[in-house]
Amino acid sequence: MTRRDVNGRVALAAVGLALLSALFFTMTYVLNRASASGGGHWAWLASLRYLITLPLMLPLLARRGAMMPVLRAIASHPLAWLRCAGVGFVLFYVMLSYAAASGPSWLVAGSFQFTVIAGMLCAPLLYRDARRRIPPAGLLVAALILSGVLLMQVGHASGALDRAAWIALACVLVSAVAYPLGNRLLLLHLERSGEPLDATQRVFGMTLASQPLWLLVAGYAALQSGPPTAAQVWLAAGVALSAGVIATILFFQATGMVRDQPLALGAVEAMQGAEVVFAVLLGVLLLGEPWPGATALSGAVLVLAGIIAFAWVVARPAAGGDGTRALRTDKGA
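Note that the UniProt record's numbering numbers the sequence shown so that position 159 is 159, with each residue one more than the last.
See the structure below:
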């Protein structure tokens, strides 16, 4: 078997893992919608996920002795970690949870795909080197995805967005920007501090550093709606396990398998666009949500086209250059 055949098989396996990770990531939108439809308060929806994610991650770090470097890093720069976690985890998920009551899961899932290029758009505000430049192709992709998001929202609102719909859209877009922004702020901090933490350690560190803020959000939820119901806890645990642990590990494994194959890596990253498709199917089958209409479906197609175009851009032969590296996805924190 030639090296090309081996690479092809590895790439195919990586794409399969990426598709599977997209399915588990999609459970965030479906389970959040189920909780919101059942009357669950958005603050419980947000805080319970990360309060539950922390103990789920402890065995992953302890088993390979990777916890102490994270604890030392947080102890050395607690405010930096709190800032990054506050943006990348707390602001991100509070906004996404608040928007969960605004419409079907496919609408939130499709709108959140703006995160694919949100990190790139933040680059001029973060970097002082070549990474601050936004490639023109990236701006075109951003415009395509944002057009698709707006078309989905207008289609769901039957032609006109009311005040509540605009607020929900704003919440999703803030969430889509906060997630990669918090990740990039942390990467910049680690770059300056010289602390070599891998992706799983960064996710654990952000989860741990965000706990004080999540306790405040949980306290607000208790004041507003009393203690969470058993159903809310189980749904939040499902999100924590499926998206916070399983999906993230699968996605990191997939990208790691093809990290030296730009074309395959772009294909793996593009598989996150399948979340829109999975959200439609699961929402209809499990929650009884309506199928998207023609206008909203056209918007979803535009979003998928934008993600595919994004994958093509990052997979070009120049994928090693600074400009193209700035386009890399921030999925999984």
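Just so you know, even glycine gets a beta-carbon here, dropped at the ideal spot from N, CA and C.
Residue i to residue j span [Cα, whole Å]
i	j	result
residue 230	residue 31	14 Å
residue 86	residue 301	33 Å
residue 94	residue 166	17 Å
residue 42	residue 101	8 Å
residue 148	residue 178	20 Å
residue 127	residue 227	43 Å
residue 38	residue 107	18 Å
residue 297	residue 153	10 Å
residue 235	residue 76	35 Å
residue 283	residue 20	17 Å
residue 162	residue 136	33 Å
residue 22	residue 10	18 Å
residue 287	residue 189	42 Å
residue 12	residue 184	29 Å
residue 81	residue 186	7 Å
residue 146	residue 193	35 Å
residue 164	residue 196	43 Å
residue 155	residue 34	22 Å
residue 278	residue 191	36 Å
residue 56	residue 293	39 Å
residue 290	residue 64	45 Å
residue 182	residue 220	23 Å
residue 134	residue 309	15 Å
residue 319	residue 129	Residue placement at residue 319 cannot be trusted, given a pLDDT of 45 that sits under 50; what the coordinates show is reported in the next sentence. Each residue's alpha carbon lies about 17 Å from the other.
residue 72	residue 45	30 Å
residue 312	residue 212	40 Å
Distance CB(residue i)-CB(residue j) smaller than 7 Å
i	j	result
residue 26	residue 239	no
residue 248	residue 180	no
residue 224	residue 40	no
residue 70	residue 210	no
residue 50	residue 214	yes
residue 14	residue 271	no
residue 303	residue 103	no
residue 61	residue 306	no
residue 222	residue 52	no
residue 172	residue 112	yes
residue 17	residue 169	no
residue 117	residue 205	no
residue 218	residue 105	no
residue 131	residue 123	yes
residue 268	residue 254	yes
residue 346	residue 201	The question about residue 346 has no answer, for the chain in this structure spans 1 to 333.
residue 295	residue 54	no
residue 24	residue 246	yes
residue 299	residue 151	yes
Simplified DSSP state of residue i, which is helix, strand or coil
i	result
residue 243	helix
residue 9	helix
residue 41	coil
residue 176	helix
residue 28	helix
residue 210	coil
residue 291	coil
residue 194	coil
residue 189	helix
residue 49	helix
residue 228	coil
residue 305	helix
residue 75	helix
residue 258	coil
residue 65	coil
Neighbour flag for residue i against chain C, beta carbons, 7 Å
i	result
residue 114	Going by chain labels, chain C is absent from the structure shown, which holds only one protein chain.
At 4 residues or longer, what runs of the alpha helix (DSSP H) sit wholly inside the segment 86-171?
Annotation: the segment 86-171 contains the following complete segments of the alpha helix (DSSP H) (minimum length 4 residues), in chain order: 92-99, 105-112, 115-126, 136-156.
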